[in-house]
Amino acid sequence: TELSGDQDFQLFLQRNLEFTRKIRGDVAALQRVVCDTLQLCKEDELLLVRQELDIAQAPLEQCHRRTFQAETCFSQIRAGLRIYGGSLATIQALLPGHAGLVETLQLDMANLSSNIQQQMEDLGLATVTYPPENQDPVPTFSSHFHHQVGGFFILANFQRFLETAYRALRHLTSL
Amino acid sequence: GGTLGCASVAVSPRVVPLGSAVTASCTIQRELCHGLEQGKVRISWMLDNKLVAGSQHQGPGGTEVSNLTLPRFNLTQARLFCCVEWNGTKQRVGVAEIRAGYPPAKPLNLSCVLNLSDYGLTCRWEQGTNSHLPTSVVLKCTGSGAQAVTGCTPRGGHSHCTVPRQLLQLYRQMEIWVSATNALGTAESERLCIDPMDVAKLDPPTLQSIQSIPFQTDCIALAWDVAWGTEHMELQCELRYRAPEDSAWALVTGIIGQAGSAQRCGFLFGTQYCFQMRCRRSSATALASWSEWSPVRNYTTHEKAPAG
Amino acid sequence: GGTLGCASVAVSPRVVPLGSAVTASCTIQRELCHGLEQGKVRISWMLDNKLVAGSQHQGPGGTEVSNLTLPRFNLTQARLFCCVEWNGTKQRVGVAEIRAGYPPAKPLNLSCVLNLSDYGLTCRWEQGTNSHLPTSVVLKCTGSGAQAVTGCTPRGGHSHCTVPRQLLQLYRQMEIWVSATNALGTAESERLCIDPMDVAKLDPPTLQSIQSIPFQTDCIALAWDVAWGTEHMELQCELRYRAPEDSAWALVTGIIGQAGSAQRCGFLFGTQYCFQMRCRRSSATALASWSEWSPVRNYTTHEKAPAG
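Protein sequences appear in the order of chains A, B and C. If you're matching positions, the first sequence starts at 27 in my numbering and goes up one per residue. If you're matching positions, the second sequence starts at 918 in my numbering and goes up one per residue. If you're matching positions, the third sequence starts at 918 in my numbering and goes up one per residue.
Right under this line is the structure:
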């Protein structure tokens, strides 16, 4: 579908590019908290422990330039937002003092996902409606340290996910 | 309403438009009124403390009934007592509360501002004339397609309230309106169709440094920080400056907020200027308001070296 | 302890007096560490981000163990990481949190005031030096013979809190003290033994009227109301007055609050005086504090008629 000419679609992209930048800023803020309070700052110091952990990762290959497909890319972004929205519960348990920032992040992610869903419907694309409550099981860890390292990698993976999603949305502005 | 035993007072309607008619009836079941067994039952009425005359007749089953019509009820609130004569005194034996007023006025001039520190959307409106009746006012909002929910309820007769972040849909059009309801009807304001981000109230940027650019140019370099919490936004900023003796500000528009620095020429040498800056979201529609002007920052340009 | 799997870190004790020694051990069960199967296991330690050296030896069941002693631990809080070399990088595989500080200081200068509007007893104290450790502070109180209960808990590090009316024993001696507890011990303040009523903070009386007594006397009559909520109390009040040019106040003590009026002579004629009054419970011990002085009330005494 010819997208870039559509005025509403451009406004949707402008708005949600800014929204994604906001979410990335909030995730970076949480990463700084994990570094400052838990002294977990560098990924390459935690690779060994990561092998013992089962950390959710959300696929985004439909959003990469080579295999770019708008409809499935949107759906993968929404699916990923849902996975990371659920695993933020892990972060909330780790950083009780920052529950507000985590809640803001979850609200923003839910809004971004429903903004994308609304836009897909406006474009006549097929969409998935998720139940409001996220039933995915919250991951458990065999030790407090594993829980902390798990939290570190959830944020690192989510930041990478957002960078890819951001590039996909920016790519759409030029289509 | 009224006491079911000795006397029962019925009023309809209980709430009336101010100035319209009210009819009431009082039924006395003599055998249920201790002490009223003998003599004639004489029913009378008191509106709060004012005597009002009704017509009396025998009702079914030996009851005595009095009817009363108040042609133009122009009190906003009153208690209508049914009384009977007893031992030479007037006894209040039943009561009904009557209220009068107007349907709620249509709330006007609804406007909202998003507070970036807690992402609460504070909306204000004008309530219009007082309806004199208990009126419940709520702010309604709905994301497109979503079901309308109560965003917030103004406290104690105020005409503003704040929709919490949890009920907002950021970066997408929402419909927001005020609904006022009382016993005589409901009135709704115009619907505001906005993306809450478009009415975000920005704090001003902070001018960090101002320096003359060397080698005797009449140019200066400015550096600024955008307000906390707006780093992710595309901002459009304006700079204004003037020397004390200038009457008007010189205005520089179309500055990209994220750039963080800019240059400007055409300044007099050895002159003190004061500078201010303000920003707003560039993607926002006309609705978006400018931040306040930043605090003034003074700077004196360097002296021009004597030629040759 | 740290991870039960690949690495397990043990520290004792977890909370130490500042400057004392801390010993730690890290046990690596090589077969449980994916990727560590080959080569020599080299264990190292990081205190937050600072490398610290430990000694390594073979432990039971093919494990590798490293012991570490930090002779004088003078950080109030740190995370001690156990690390192993892997693919040329230092991998953090286990952690233990260490805290250091002092036992809580004895809370000092405990004083309380009863607020007569809600009969809450607000107590204040000085916390003393910071123990650097999570310290729980509670205000304890007990009526004579009764079991000690927690009266209130200061919020967010404040050193005051208010015991609600429900926990108070009025008109009887109560024991009140502050108790501070952290991992290194407990400290209690002196015990305040008071009847809450004795520390009631009274609002000042209100001077209602001041008049010269007729027939050319140099006396005046004063009338006052005691503060709302103190009508049932026996109050002992003081009056002070002075003319603008006087340097010091004249003080009248021992006035019975409930009397509501008094006379006083010795005033100059045709002179403006300003008057103030304050009260306290007469049955209260030395602890009882005076109310503030009432707002000033000015009065000009009448002129003396020319003699004969």
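Glycine included, each C-beta is placed from N, C-alpha and C at the ideal position.
The straight-line gap separating the alpha-carbon atoms of residue 924 (chain C) and residue 1017 (chain C) is approximately 24 Å. Put simply, of C:1026, C:1193 and C:1120 the residue whose alpha carbon is nearest the alpha carbon of residue 1159 (chain C) is C:1193. With a cut-off of 8 Å on Cβ pairs, the segment 170–187 of chain A is in contact with the segment 65–80 of chain A, counting three or more such pairs. Counting along the chain, residue 48 (chain A) sits inside no beta strand (DSSP E); it lies in the alpha helix (DSSP H) bounded by residues 33–64.
Around the CB of residue 1148 (chain C), fewer than 16 other CB atoms lie within 10 Å, so the residue is classed as exposed.
In this model, residue 967 (chain B) and residue 1086 (chain B) are separated by some 56 Å (Cα to Cα).
Within the same chain, 940 come within 7 Å of residue 929 (chain B) by CB-CB distance, once the 5 residues on both sides are set aside. Nearest CB-CB separation between residue 1083 (chain B) and chain A: below the 9 Å threshold.
Close CB contacts of residue 964 (chain B) within its chain, under the 6 Å cut and outside five residues either way in sequence, are with 995 and 997 (chain order).
Around residue 1089 (chain B), the beta-carbon contacts reaching into chain A at under 8 Å are 41, 137, 140, 141 and 144.
What residue 966 (chain C) touches in chain A, judged by beta-carbon distance under 9 Å, is 65 and 67, going in chain order. For the pair residue 1054 (chain C) and residue 1096 (chain C), the CB atoms are nearer than the 9 Å cut-off.
Contact between residue 1113 (chain C) and residue 1033 (chain C) does not hold, since their C-beta atoms are separated by about 11 Å, which reaches or exceeds 8 Å. Bridge partners of residue 1156 (chain B) according to DSSP: B:1169 and B:1194.
Scanning chain C for C-beta atoms nearer than 7 Å to the C-beta of residue 77 (chain A) yields 951 and 952, reported in chain order. Close partners of residue 134 (chain A) in chain B (Cβ separation under 8 Å): 1087.
Annotated three-state conformation of residue 1049 (chain C) is coil, per DSSP. Under the three-state reduction of DSSP output, residue 117 (chain A) falls in the helix class. Not flagged as an interface residue toward chain C: residue 80 (chain A), since no C-beta distance is shorter than 9 Å. Comparing alpha-carbon positions, the option among C:1207, C:1161, C:993 and C:1028 lying closest to residue 1108 (chain C) turns out to be C:1028. Taking a beta-carbon distance threshold of 9 Å, residue 1120 (chain B) does not count as an interface residue toward chain A.
At a cut-off of 9 Å between C-beta atoms, residue 153 (chain A) does not count as an interface residue with respect to chain B.
The contact set of residue 1007 (chain C) on chain A, defined by CB atoms closer than 8 Å, consists of 71 in chain order. 9 Å or more divides the Cβ of residue 158 (chain A) from the Cβ of residue 113 (chain A). Against chain B, the beta carbon of residue 44 (chain A) has neighbours under 9 Å at 1088, 1114, 1149, 1150, 1151, 1198 and 1200, listed in chain order. Excluding residues up to 5 positions away in sequence, 1122, 1123, 1124, 1125, 1177 and 1194 lie with their Cβ nearer than 7 Å to the Cβ of residue 1141 (chain B) in the same chain. Interface annotation, residue 1171 (chain B): not in contact with chain A, CB-CB separation never under 9 Å. Chain A places no beta carbon closer than 9 Å to that of residue 1037 (chain B), leaving this residue out of the contacts.
Taking 9 Å as the cut-off, the Cβ atoms of residue 1036 (chain C) and residue 1089 (chain C) do not count as close. Interface with chain A (9 Å Cβ-Cβ cutoff): residue 1060 (chain B) is included. Residues of chain C with a Cβ closer than 7 Å to the Cβ of residue 184 (chain A) do not exist; the shortest Cβ-Cβ separation is about 21 Å. Each residue's CA atom was taken as its position, placing residue 1110 (chain C) and residue 1139 (chain C) some 38 Å apart. A direct Cα-to-Cα measurement between residue 1015 (chain C) and residue 1136 (chain B) gives close to 56 Å. The segment 42–61 of chain A and the segment 979–992 of chain C do not touch, with fewer than 3 CB-CB distances between them shorter than 8 Å. Proximity of residue 100 (chain A) to chain C, defined by a Cβ-Cβ separation below 9 Å, is not satisfied. Note that the C-beta distance between residue 186 (chain A) and residue 43 (chain A) is not below 9 Å.
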